[in-house]
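Here's the structure we're looking at; comments come further down.
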Amino acid sequence: MNFPYHLNQYESKINSLSKQAKSILEFCVSHRECEKFHERINEEENLEKDTIQILREAILAGYYNSIYTYSWKYEEELKLWELINSKCREEDKVYFVLANIQSLKKPADELKDLYFKAFDQYLDYVFSLEDKSKEQLYNNPNTRYEFLKYEFRARITQWDDFEDNWNEGKSYWQKKFANDEKANQIINELLNERREQNNK
Numbered sequence: 078m079n080f081p082y083h084l085n086q087y088e089s090k091i092n093s094l095s096k097q098a099k100s101i102l103e104f105c106v107s108h109r110e111c112e113k114f115h116e117r118i119n120e121e122e123n124l125e126k127d128t129i130q131i132l133r134e135a136i137l138a139g140y141y142n143s144i145y146t147y148s149w150k151y152e153e154e155l156k157l158w159e160l161i162n163s164k165c166r167e168e169d170k171v172y173f174v175l176a177n178i179q180s181l182k183k184p185a186d187e188l189k190d191l192y193f194k195a196f197d198q199y200l201d202y203v204f205s206l207e208d209k210s211k212e213q214l215y216n217n218p219n220t221r222y223e224f225l226k227y228e229f230r231a232r233i234t235q236w237d238d239f240e241d242n243w244n245e246g247k248s249y250w251q252k253k254f255a256n257d258e259k260a261n262q263i264i265n266e267l268l269n270e271r272r273e274q275n276n277k
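Residues in the sequence shown are numbered from 78 upward in steps of one, following the numbering used here.
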């Protein structure tokens with residue numbers, strides 16, 4: 078089987094994949110139509126973690142949508158990812174993919190439910206947000222402070238060398254929220270919470 082460049086990693090481990098993952102991988106290599114993908118995914122009752130990863134890599138190739146792989150229409154691709162999402166276990170949901178695809182047509186603050194579910198699932202998704210999306214979340218009062226908590230935890234509180242990490246990043250927070258009393262209160266609460274944890 079001739080693997081496209083972005084799936085080369087599977088060439089050496091195809092025989093170690095589960096029956097479902099191997100079948101989906103072979104399907105991704107030999108088919109291009111979104112409608113066919115929809116039909117194939119519909120055959121599965123549930124999708125395994127490895128299968129979902131293969132679908133992400135085969136369809137997205139590290140991008141937000143299929144523009145560099147299959148070049149599907151927006152509406153078709155969105156429906157496919159909604160189908161994939163419906164067949165995932167909760168911990169494997171593709172919230173971040175769904176949000177990113179829709180961010181081409183909607184601002185990030187309108188997609189907050191998907192983005193925040195994705196951050197709850199895997200906090201490092203915060204680092205994958207584009208600056209434009211971050212600013213949209215910060216500029217809306219309805220998402221500003223909730224997103225602040227996610228970004229603060231991602232950038233500061235997850236590290237073991239917490240105090241050094243905080244001191245290095247302090248100017249970022251001071252500059253960004255210099256005139257926002259509520260934001261500074263949240264930051265101080267998060268700092269105190271982490272320092273209490275460290276002192277236990």
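In this text, a Cβ means the ideal position worked out from N, Cα and C, and glycines have one as well.
Three-state class that DSSP yields for residue i in the structure shown
i, result
"Trp243", "helix"
"Trp158", "helix"
"Ser148", "coil"
"Cys165", "coil"
"Arg109", "coil"
"Leu102", "helix"
"Lys96", "helix"
"Glu273", "helix"
"Leu84", "helix"
"Lys182", "coil"
"Leu124", "coil"
"Val171", "coil"
"Ser143", "helix"
Residue i beta carbon near the ligand MN (any heavy atom closer than 7 Å)
i, result
"Glu121", "Of ligands this structure carries none, so the ligand MN is not represented either."
Exposure label - residue i; buried when at least 16 CB within 10 Å
i, result
"Ile233", "buried"
"Ser248", "exposed"
"Asn123", "exposed"
"Leu181", "exposed"
"Trp271", "Per the sequence presented here, residue 271 reads as Arg, with Trp not at that position. Buried, by the Cβ-count rule."
"Glu207", "exposed"
"Glu167", "exposed"
"Asp241", "exposed"
"Ser210", "buried"
"Ile144", "exposed"
"Phe204", "exposed"
Beta-carbon proximity check, residue i vs residue j, cutoff 8 Å
i, j, result
"Lys170", "Asn162", "yes"
"Ser93", "Glu125", "no"
"Gln179", "Leu188", "yes"
"Leu157", "Leu175", "no"
"Tyr147", "Arg109", "yes"
"Leu268", "Arg230", "no"
"Thr128", "Gln97", "yes"
"Tyr222", "Phe196", "no"
"Gln213", "Asp257", "no"
Neighbour flag for residue i against chain D, beta carbons, 8 Å
i, result
"Asn142", "Within the model displayed, chain D is absent; a lone protein chain is all it includes."
- Message: What ranges does the alpha helix (DSSP H) occupy inside the segment 188-268, keeping only unbroken runs of at least 4 residues that lie completely in it?
- Response: If only complete runs of 4 or more residues are kept, the segment 188-268 shows the alpha helix (DSSP H) at 189-198, 208-216, 221-229, 239-253, in order along the chain.
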